[in-house]
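Notes follow once the structure below has been shown.
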Amino acid sequence: MKKILVLVLTLVMIFTAAGCSSSKDQESRVGPGEKGEAKVTVGIVQIVEHPSLNTIREACVEQLAAKGFKEGDNLVIDYQNAQNDQTNLKTICQKFAVNNYDLIIAIATPSAQAAAGETKTIPIVFAACTDPLGSGLVTDLDHPGGNITGTSDAVSAEKIMELAKRITPDIKTVGALYSSSETNSIAVIENLKAYAKENGMTVIDATVTNSSEVQQAASVLTGKADCIFSPIDNTVASAMPIVAQVANKAKTPVYVGADSMVKDGGLATYGINYVILGQETADMAAEILNGKNPGDIPVRTMSEMDIYLNQATADAIGITIPEDVRAEAKEIF
């Protein structure tokens, strides 16, 4: 009798455990709008703190909530900032991979490259990768394949320089300030040099490897160039107030690749809206969390471009921005 009782109790425990396991697996697939505890875990990795990347992250989190994935409800977010350190970046992405997160959102090209190097199975959505093809993230923008897709913040150096000529028509020598280790920057600088060659202009390079070198590089360029051009470069963007200080003192206009870099002291840009880019990134992430294969989602390049101006910088360097340019501006800081 005791043996039969023990057997019955054992079977009850087995079926109860199996039922709990099944219930837990069911809960782990809770989607937006369904009842259940937070089960979706997203790792967000950002290469460095600067306004453009922060805007992307904040807009992305807000849009995920709008799509039904709310932090503290059915979403857990692990946000990590690498402080522009490649070793930190690798460690962060390794942690995400080891913990087998449901999705990784990688903000900026270095973050995406680090994440892609650590996992071929966890879905990755990159944000603000200027040249996904040249960076080796995907081989086809329309059909990324694999576990990765995302949004590109590619800008046209040609259009930015056309804007520069409208504001400062006498420029002949352009100082290119960028990080030699960021493939996203190199692609834009190549675009700049092609434009310069076709328009009888000269480009002088001043490359940096970290933010501590930016001030010296900017100082060198102000003595040689009619203006400074910096693409959407994470290293330069994180030190943009210093660039502005150096350039303003020398009365040298600085044309940049991002609205945040204008807000931080650059004179002007013709660029994208990073709130929209963050929202687009979140839309793609939500599709994947709802079951879509990242490799089947085309990379999205922002088509809406706007003019951003800094009036305080114009005043500091003694430049009058033409009224027609001001009239077209999306925002004047």
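Counting in this note's numbering, the sequence shown runs from 31 upward without gaps.
Glycine is no exception: its CB is placed at the ideal position from the N, C-alpha and C atoms.
A quick note: this is a predicted structure, and the numbers were derived from the prediction, not measured.
>> Using the Cβ count rule (16 or more neighbours within 10 Å means buried), how would you classify His173?
In response: Within the sequence shown, the letter at position 143 stands for residue 173. So His173 ends up on the exposed side.
> Between Glu188 and the rest of its own chain, which residues show a CB-CB distance below 7 angstroms, the 5 nearest in sequence each way excluded?
Replying inline: Numbered from its first residue, the sequence shown carries residue 188 at position 158. These residues qualify, in order along the chain: Asn221, Tyr225.
>> I need the DSSP call for Cys257, collapsed to helix, strand or coil.
In response: On the sequence shown, position 227 is the one that residue 257 refers to. Three-state DSSP puts Cys257 in a strand.
>> If you follow the beta strand (DSSP E) that Phe156 is in, where does it begin and where does it stop?
In response: Locating residue 156 in the sequence shown gives position 126, where the first residue counts as 1. Counting along the chain, the beta strand (DSSP E) containing Phe156 begins and ends at 154–157.
> For Asp335 versus Ile327, is the C-beta spacing smaller than 8 angstroms?
Replying inline: Within the sequence shown, numbered from 1, the residue matching residue 335 stands at position 305. Within the sequence shown, numbered from 1, the residue matching residue 327 stands at position 297. First, the residue type needs correcting, since residue 335 is Met and not Asp in the sequence shown. No, Cβ-Cβ distance for Met335 and Ile327 is not below 8 angstroms.
> Which two residues bound the contiguous beta strand (DSSP E) that contains Thr237?
Replying inline: By one-based count along the sequence shown, residue 237 stands at place 207. Counting along the chain, the beta strand (DSSP E) containing Thr237 begins and ends at 232–238.
> Whose CA, out of Gly147, Ile152, Thr121, lies closest to the CA of Asn130?
Replying inline: In the sequence shown, the residue the question calls residue 130 occupies position 100. For the residues Gly147, Ile152, Thr121, the minimum Cα distance to Asn130 belongs to Ile152.
>> For Gly205 and Ala269, which I take to be in contact (beta-carbon distance under 8 angstroms), what is that distance rounded to the nearest angstrom?
In response: The residue you call residue 205 lines up with position 175 of the sequence shown. The residue you call residue 269 lines up with position 239 of the sequence shown. That pair is no contact at about 15 angstroms.
> Which residue or residues does DSSP assign as beta-bridge partners of Glu359?
Replying inline: By one-based count along the sequence shown, residue 359 stands at place 329. This sequence places Ala at residue 359; Glu is not what is there. BP columns for Ala359 point to Ile337.
>> Between Met291 and Ser260, how many whole angstroms is the CB-CB distance? I'm expecting something under 8 angstroms.
In response: The residue you call residue 291 lines up with position 261 of the sequence shown. The residue you call residue 260 lines up with position 230 of the sequence shown. Contact flag correct, Cβ pair sits at about 7 angstroms.
> Any contact of the segment 70–80 with the segment 103–110, i.e. 3+ C-beta pairs under 8 angstroms?
Replying inline: yes
> In or out: Asn177 buried (at least 16 other Cβ within 10 Å) or exposed?
Replying inline: Stepping through the sequence shown from its first residue, residue 177 is reached at position 147. So Asn177 ends up on the buried side.
> Where does Thr181 fall in DSSP's three states?
Replying inline: Position 151 of the sequence shown, counted from the first residue, corresponds to residue 181. In the structure shown, Thr181 sits in a strand (DSSP, three-state: E or B).
>> At the level of alpha carbons, what is the spacing between Gln341 and Glu88?
In response: Taking the sequence shown and counting its residues from 1, the one referred to as residue 341 is at position 311. Taking the sequence shown and counting its residues from 1, the one referred to as residue 88 is at position 58. Between the alpha carbons of Gln341 and Glu88 lies a distance of about 26 angstroms.
> Just to confirm, are Cys123 and Glu148 a CB contact at a threshold of 8 angstroms?
Replying inline: The residue labelled residue 123 in the question sits at position 93 within the sequence shown. The residue labelled residue 148 in the question sits at position 118 within the sequence shown. Going by C-beta atoms, Cys123 is nearer than 8 angstroms to Glu148.
>> Among the candidates Ala145, Asp103, Lys100, whose CA atom is the shortest distance from the CA of Asn368?
In response: In the structure as shown, the chain starts at 31 and stops at 363, and residue 368 therefore has no counterpart that could be examined.
> In whole angstroms, what is the alpha-carbon distance linking Ser182 and Ala346?
Replying inline: Along the sequence shown, read from residue 1 onward, the residue named residue 182 stands at position 152. Along the sequence shown, read from residue 1 onward, the residue named residue 346 stands at position 316. Those two C-alpha atoms are separated by around 33 angstroms.
>> So for Gly209, helix, strand or coil by DSSP?
In response: Looking up residue 209 in the sequence shown gives position 179. The sequence as given places Ser at residue 209; Gly does not occur at that position. Ser209 sits in a strand when the DSSP states are folded into three classes.
>> Starting from Ile272, trace the alpha helix (DSSP H) in both directions and tell me its first and last residue.
In response: Walking along the sequence shown from the start, residue 272 turns up at place 242. Ile272 -> alpha helix (DSSP H) spans 270–279.
> Comparing alpha-carbon positions, which option in Gln76, Val75, His80 lies nearest Asp294?
Replying inline: Working through the sequence shown from its first residue, we reach residue 294 at position 264. Considering only alpha carbons, the answer is His80.
> For Gly287, which of Thr265, Ile134, Leu251, Val276 has the nearest alpha-carbon?
Replying inline: One-based indexing of the sequence shown puts residue 287 at position 257. Looking at the Cα atoms, Thr265 is the closest of the given residues.
> Can you give the beta carbon distance from Val276 to Ala248, rounded, assuming they're within the 8 angstroms contact cut?
Replying inline: For the purposes of this step, residue 276 is identified with residue 246 of the sequence shown, where counting begins at 1. For the purposes of this step, residue 248 is identified with residue 218 of the sequence shown, where counting begins at 1. That pair is a contact at about 4 angstroms.
> Do the CB positions of Ile137 and Ile216 come within less than 8 angstroms of each other?
Replying inline: Residue mapping note: residue 137 aligns to position 107 of the sequence shown, counting from 1. Residue mapping note: residue 216 aligns to position 186 of the sequence shown, counting from 1. No, they are not a contact pair.
> To which residues does DSSP link Ile107 through a beta bridge?
Replying inline: Along the sequence shown, read from residue 1 onward, the residue named residue 107 stands at position 77. According to DSSP, which records beta bridges pairwise, Ile107 is partnered with Val72.
> Where does Thr343 land, buried or exposed, given buried means 16+ other C-beta within 10 angstroms?
Replying inline: Mapped onto the sequence shown, residue 343 falls at position 313. So Thr343 ends up on the buried side.
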